[in-house]
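When we follow the working numbering, the leftmost residue of the sequence shown carries the number 546, and every step to the right adds one.
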Amino acid sequence: MDVCQAVSAYVERMVKEVRGMKMLLLDDHTTPTMSATFTQSALLEHEVYLTDKIGHRPRERMHHLQCLVYVRPCPASIHALCQELLSPKYGAYWLYFSNVVAKQDMEALAEADQHQLVQAVQEFFSDYVPVTASHFTLQYDVPPHRLWGSHLVQWDPDAFEHHTSALLSLLLSLKKKPVVRYERMSALARKLADELVARMNDSHASLFDFRRTDVPPLLLVLDRRNDPVTPLLTQWTYQAMVHELLGIHNGRTVMHTEHGPQEIVLSVDHDPFFAANLYDNLGDLGASIKDYVVQFQAQSASNSSIETVQDMKRFIEQYPEFQRLRGNVSKHVALLGELSQLVDTHHLLEVSELEQSLASNENHTTDLRNVQTLIGSERIRPDAKLRLAMLYALRYQKWSGNRIDAVVQQLIDAGVQDVALVYVMLNLCGAEQRQDDLFANENILARGKSALKGLKGVDNVYTQHTPHLVKTLDHLMRGKLRTSSYPFAGRDAPDAPATVYPGGPPTRPQDVIVFVIGGTTYEEARMMALLHVPGTHFLLGGTTIHRSQSFLHMMQHTAQHLPPSVTQPPPSMAHSMPHLRLGPVQLAVPQERRDLEQVAMGAMDMLGRVIRPGP
């Protein structure tokens, strides 16, 4: 179940089967997919010399070029393609769609092709963005899109159709027809699961006519609201940290230097250092980057001694690789330096330690004191204060002696914007909305273990938290994931494999696909990639990939389209809590920068002392 390989096979076939000089037209949906799977140099090797977006600015007529069109069959792209065919600029057109094309859209395209330039129409099932071999995203960001309708048990119609068709595309690209389970308390998960089963067995039945296996694949549909904690935490692994502090979009991040913004490409396929270290803790990266620099220095020294013709020949042959190595070393040293600077500037070690305590341990008196201390500190960013208040409210919502009212009031006194998001989080993701006991507050034994863990200490106080997803998969693999909490969709379907249902023999699926409505995190992707169960392959995907700011933006955007009561204290707390209004988002915080040389020097000092697990 390698999603990168599945998509790249489609793209490679597309650029190979048409010979001669080519033009490539993409849309907003296929551009990130293409960016994640193919480089510009790889396209040039296949004579794809120009790339543009369909419906973009006016283009010159170049009838000597053949045009490859790779788009999602959505109304906007179909309309733009029809306009392109009515006024063609290239000698021939080859149409490739990332999902199933509706009959009426095919008819519209046929009518628009008045010059009869369309040579082929094919459906390539790639309506998603592969991030790594075991992680994908629909890149359906909220905002600007909507996920929920007018209330939390209702899909936005466009979002529902997008999620359904995209997941069907994923399954078709992997050639999997899974049984589907979902979170019982999530109306969105249930509707999506039921619709997927219905289409696999009805309208798309011919497409899903794959060879059956003894143990069918499993698709588990989850809801982000069942674990709001993981996206709120500061992350300390390389990939997750870059996304949290700088942001990763289409495999690229932007770092500001003395020469201005610099775009950095982070590719698992084309960057060996990033591929080898994307899941490593920041502290462990110190040794890795040191070895990488030493490797570069050794190669530089060998290239400096050119005395013979053979030395010159060797240097010329190795020069491109040497240049790539030099650029990659410089890139990662600068990037790690930037991360270390932001950690120091924003006091993230102090913030993260408290976040982890709130997420993983139970000590109300100490947690309350520390939360109030950091909220009152001028050194801590407003968005960090808001996240700490949310974590405290989520953790101690059902605690009889909680002081959520005092924490909210302190946020107001500190001038923090969007304090009402604390209420939004409780109303959307609080204890009454979650299916599972996220903090084990109802499990006396688990509470005892939590307290003991806090007393004994841990190897790394910054990485104590385990995402709820991991616990869910652990129950699944041990056969303890209750069907009352995670029922099967379409149980009465005639072709439903009996072996996976209660009453049948115990079976462990060989392929498990987990989809999170509302988005995943890089931390969850890391845990999934490192999860080793003999004979079982895991794949994780979601609506989008969150960092803490994007998660808060999603909550804020959602609240604006729900009844006003969502921004007020939950009914059980209304008597003691101040009432607030939700204003515009104020989460973006300007970041202080240093020049590249200072950043790089600061990295080496910091990397050796921070976030390294104990012996």
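Note that beta-carbon positions come from the ideal geometry of N, C-alpha and C, so glycine has one too.
Requested in this report: Round the Cβ separation of Leu-778 and His-1082 to the nearest angstrom and send it over; I've been treating them as touching at under 8 angstroms.
Outcome: At roughly 27 angstroms, the Cβ-Cβ gap does not stay under 8 angstroms, so Leu-778 and His-1082 are not in contact.
Requested in this report: Output the residue ranges of the beta strand (DSSP E) runs that lie fully inside the stretch 600–688 and measure 3 residues or longer, sorted by chain position.
Outcome: 607–616, 635–642, 663–668, 674–677 and 680–682
Query - Val-760 versus His-1013 - alpha carbon distance - result: 26 angstroms
Query raised in the report: In the stretch 681–747, which residue ranges form an unbroken alpha helix (DSSP H) of at least 4 residues, counting only runs that do not cross its ends?
Result: 702–719 and 732–746
**Report entry** Length of the line joining the Cα atoms of Gln-574 and Ala-743
**Finding:** The sequence given here has His at residue 574, not Gln. Each residue's alpha carbon lies about 25 angstroms from the other.
Query raised in the report: Where do the N-terminal and C-terminal ends of the alpha helix (DSSP H) with Tyr-555 fall, by residue?
Result: 548–562
Query raised in the report: Which residues share a DSSP beta bridge with Met-568?
Result: Leu-595 and Cys-612
Query raised in the report: Which residues in the same chain as His-909 place their Cβ atom closer than 8 angstroms to its Cβ, once the five residues preceding and following it in sequence are excluded?
Result: Tyr-941, Trp-944, Gly-946 and Asn-947
**Report entry** Straight-line gap, His-707 to Thr-802 (C-alpha atoms, nearest Å)
**Finding:** 38 angstroms
Query raised in the report: If you count every other CB in all the chains shown that lies within 10 Å of the CB of Thr-1161, and 16 or more means buried, which is it?
Result: With the chain represented from 546 up to 1160, any question about residue 1161 goes unanswered, as that position is not in the structure.
Query - Straight-line Cα distance separating His-680 from Arg-691 - result: 23 angstroms
Requested in this report: Inspect the beta-carbon positions of Gln-659 and Ala-637 and report whether they are closer than 8 angstroms.
Outcome: no
Query raised in the report: In terms of DSSP beta bridges, what is Asn-906 paired with?
Result: Answer by DSSP bridge pairing: none, since Asn-906 is not bridged.
Query raised in the report: Would DSSP call Gly-882 helix, strand or coil?
Result: helix
Query - Classification of Val-799 by the beta-carbon crowding that lies within 10 angstroms, buried from 16 upward - result: exposed
Query - Nearest-angstrom Cα separation, counted from Ala-929 out to Ala-938 - result: 14 angstroms
Query raised in the report: Among Ser-1093, Thr-677 and His-1098, which one has its Cα closest to the Cα of His-788?
Result: Ser-1093
Report task. Could you tell me the boundaries of the beta strand (DSSP E) in which Asp-1056 lies? Result -> 1056–1062
Requested in this report: Decide if Val-563 is buried, meaning its Cβ has at least 16 other Cβ atoms within 10 Å, or exposed.
Outcome: buried
Query raised in the report: Pick from Gly-796, Asp-825 and Glu-728: whose alpha carbon is nearest that of Val-813?
Result: Gly-796
Query raised in the report: Just how far apart, CA to CA, sit Asp-747 and Phe-670?
Result: 18 angstroms
Requested in this report: For His-1106, I'd like the list of residues in its chain whose CB is within less than 6 angstroms of its CB, leaving aside the five on either flank, ordered along the chain.
Outcome: none
Report task. Please classify Thr-575: does DSSP put it in a helix, a strand, or coil? Result -> helix
Query raised in the report: In three-state DSSP terms, what is Gly-805?
Result: strand
Query raised in the report: Any contact of the stretch 871–880 with the stretch 817–836, i.e. 3+ C-beta pairs under 8 angstroms?
Result: yes
Query - Close Cβ partners of Tyr-673 (< 6 angstroms) along its chain, the five nearest in sequence each way excluded - result: Phe-681, Leu-683, Ala-711 and Leu-715
Report task. Give me whichever residues DSSP pairs with Arg-797 in a beta bridge. Result -> His-794 and Val-810
**Report entry** Residue nearest to Gln-1055 in terms of C-alpha spacing, selected from Gln-978, Arg-871, Ser-695 and His-1077
**Finding:** His-1077
Requested in this report: Measure from the alpha carbon of Leu-790 to the alpha carbon of each residue in Val-838, Arg-770, Leu-767 and Leu-827, then state which is nearest.
Outcome: Leu-827
Query raised in the report: Taking Lys-598 as the reference, which of Gln-667, Ser-580 and Asp-739 has the closest Cα?
Result: Ser-580
Report task. Would you tell me roughly how many angstroms separate the C-alpha atoms of Gly-993 and His-794, rounded to the nearest one? Result -> Confidence is the limiting factor: at Gly-993 the pLDDT is only 40, short of 50, which leaves the residue's position unreliable, though a coordinate-based value still follows. When rounded, the distance between both Cα atoms is 42 angstroms.
Query raised in the report: Thinking just about the alpha-carbon of each residue, which of Cys-619, Val-614 and Glu-629 is nearest to the one in Arg-606?
Result: Glu-629
Query raised in the report: What are the partner residues of Asp-958, as DSSP defines its beta bridges?
Result: In DSSP, Asp-958 forms no bridge with anything.
Query - Inter-residue Cα distance where the pair is Pro-1047 and Thr-1028 - result: Low confidence applies here, because Pro-1047 scores a pLDDT of 47, under 50, leaving its location unreliable and the question unanswered by this model.
Requested in this report: Have a look at Lys-634, Arg-604, His-609 and Asn-644 and flag the residue whose alpha-carbon is nearest the alpha-carbon of Ile-623.
Outcome: Asn-644
Query raised in the report: Who are the Cβ neighbours of Leu-569 in its own chain at under 6 angstroms, not counting the five residues just before and after it?
Result: Val-593, Thr-596 and Leu-613
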